[in-house]
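In the UniProt record's numbering, the protein residues as written are 1 to 462.
Below, the structure is given as structure tokens:
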């Protein structure tokens, strides 16, 4: 039996404290050609689900949470619990697909069984079909979730059984002795550095923030939309302006939300949009292990700025400052500490955190590197992949940015009642990338000018 870590357990608590939340994350594959028969797909899924033991395990909780939940083998595992078959009505276009994705993903898992599911969707326009691979967030994060999807595809690049990390070789006695001598110095120093980096992170969440329609109670229903951009063009912007792909993506998100706020009659102030930006802490050799290995930063997106390159420069500057402050490492250290404590007080703390009515953070935006090779599923080429992230804790919008082939796709989840303009977010992202590309080709020196201006304007705390 393997225990769930604090972050894994936290996603269970999200559902337990808010009946409106479904903590499932998903990958949606658009596949060329006709779909297989139900019998064919069921047989394939039954065989490939054996590639990772976690897919045949369920969560078992201890009485009164005196110990951490554990993964145990499901003695009555039946692939039928994990496969659903649906069809799109006419015109069976992308809008209809997005509507169905929202319906599928807003449904909670049955915790009596392993926490994953495949939903095959027939009759997609253009002679295509789709499959939604859905897993509970306590089981996977973005990277391990995409790896799980890849291992269900044909000719996976890694069909070997899942292996656990190998412990480092024993250290020689001299190094152990030196570590022992330095321990009284290093431990307090590391603890102080962690606290110093974690305090701003905590303050960003608990301090009062301006009222915003982007933050508030959420219902049970969801909306879903996608924005599609060209990955080669995003890389061209990155190279021209000397930033990162993630900088370009978040600048486009900032531009889109500026449009949304203005459309709602709200002033896009500098302190209006704080975003939860997960940071992967997963080592390259651990991508196959199904669990959560993420930390987070909480930067403010520059919705107050009007020029797209100035927005890009501000995003680049702010993210760099958050990284220098070590917020992601501090949050990860706190999770590591929680993993060493008795679970009962940790469970209580998780419950209190998930119940806290935070008002500061409004949007989730996570960047997940997608497959670097073309995938096939039951013989059909996977043409596109969309990703889905859940929303909770008053965040009314979640965006997952996923690369695959020549596309960088933004999968946008919204609360049904409070985010009726979700398509404006999608179109705003596409327009912002197009604008950045135009400036990259016409005025490649713009970023250096704006970087110096923004560096003077942005306080250290941002």
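A virtual CB, placed ideally from N, CA and C, is assigned to each residue, including glycine.
As the structure is a prediction and not an experimental result, all values here were calculated from the model.
Kindly list the residues whose CB is nearer than 6 Å to the CB of residue 382, restricted to its own chain and excluding five residues on each side of it in sequence; keep chain order. So the list reads 29, 31 and 375, once near-sequence residues are dropped.
With DSSP collapsed to three states, give me the class of residue 404. strand
What is the DSSP secondary structure of residue 242, counted as helix, strand or coil? coil
Quick check on this structure: which residue in 221, 235 and 50 has the alpha carbon closest to the alpha carbon of residue 153? 50
Hey, is the region 1–21 in contact with the region 87–98, meaning 3+ C-beta pairs nearer than 8 Å? The region 1–21 vs the region 87–98: no contact.
Going by alpha carbons, who is nearest to residue 285 out of 25, 214 and 144? Looking at the Cα atoms, 144 is the closest of the given residues.
On the CB-based measure, 16 or more other CB atoms within 10 Å of its CB, does residue 138 come out buried or exposed? The residue is buried, with at least 16 neighbouring Cβ atoms inside 10 Å.
Opposing strand residues paired with residue 376 [DSSP bridges]: For residue 376, which the question treats as bridged, DSSP gives the partners 381.
Can you tell me where the alpha helix (DSSP H) with residue 12 in it begins and where it stops? 6–17
Which of the three DSSP states is assigned to residue 323 in this structure? helix
With DSSP collapsed to three states, give me the class of residue 73. strand
Using the DSSP secondary-structure output, state which residues sit across from residue 29 in a beta bridge. DSSP output for residue 29 lists 131 and 385 as bridge partner(s).
Residue 303, enclosing alpha helix (DSSP H) - first and last residue: That residue, residue 303, is in no alpha helix (DSSP H); it is neither H nor E in DSSP.
Between the Cα of residue 317 and the Cα atoms of 306, 53, 417 and 243, which residue gives the shortest distance? Considering only 306, 53, 417 and 243, the residue with the shortest C-alpha distance to residue 317 is 243.
Return the first residue and the last residue of the beta strand (DSSP E) that residue 274 is part of. 274–280
Hey, quick one: how far does the beta strand (DSSP E) through residue 284 stretch, first residue to last? Counting along the chain, residue 284 falls outside any beta strand (DSSP E), and DSSP gives it neither H nor E.
Taking the beta carbon of residue 82 as the centre, do at least 16 other beta carbons fall within 10 Å, making it buried, or is it exposed? buried
Measuring straight from C-alpha to C-alpha, what distance separates residue 240 and residue 276? 27 Å
Residue 2 (DSSP reduced to helix, strand or coil): Assigned with DSSP and collapsed to three states, residue 2 falls in strand.
Can you name, in chain order, every residue of its own chain whose Cβ lies under 8 Å from the Cβ of residue 378, other than the five neighbours on each side? Excluding residues within five positions, the ones whose Cβ falls inside 8 Å are 31, 35, 36, 40, 41, 44 and 154.
Three-state class that DSSP yields for residue 366 in the structure shown: strand
Any 3 or more C-beta pairs closer than 8 Å across the region 63–76 and the region 418–426: no
Should residue 356 be labelled buried (16 or more other beta-carbon atoms within 10 Å of its own) or exposed? Counting Cβ neighbours within 10 Å, residue 356 comes out exposed, since fewer than 16 surround it.
May I ask you to list the residues that DSSP assigns as paired with residue 85? 120
Quick one: what's got a C-beta closer than 7 Å to residue 279's C-beta in the same chain, skipping five residues either side? Apart from the 5 residues on each side of it in sequence, residue 279 sits with its Cβ closer than 7 Å to the Cβ of 294, 295, 296, 297 and 328 in its chain, given in chain order.
Residue closest to residue 348, alpha-carbon to alpha-carbon, out of 225, 2 and 17: 17
Along the chain, where does the alpha helix (DSSP H) that runs through residue 442 open and close? 422–442
Counting along the chain, where does the alpha helix (DSSP H) carrying residue 49 start and finish? Note, residue 49: premise wrong, no alpha helix (DSSP H); not H, not E.
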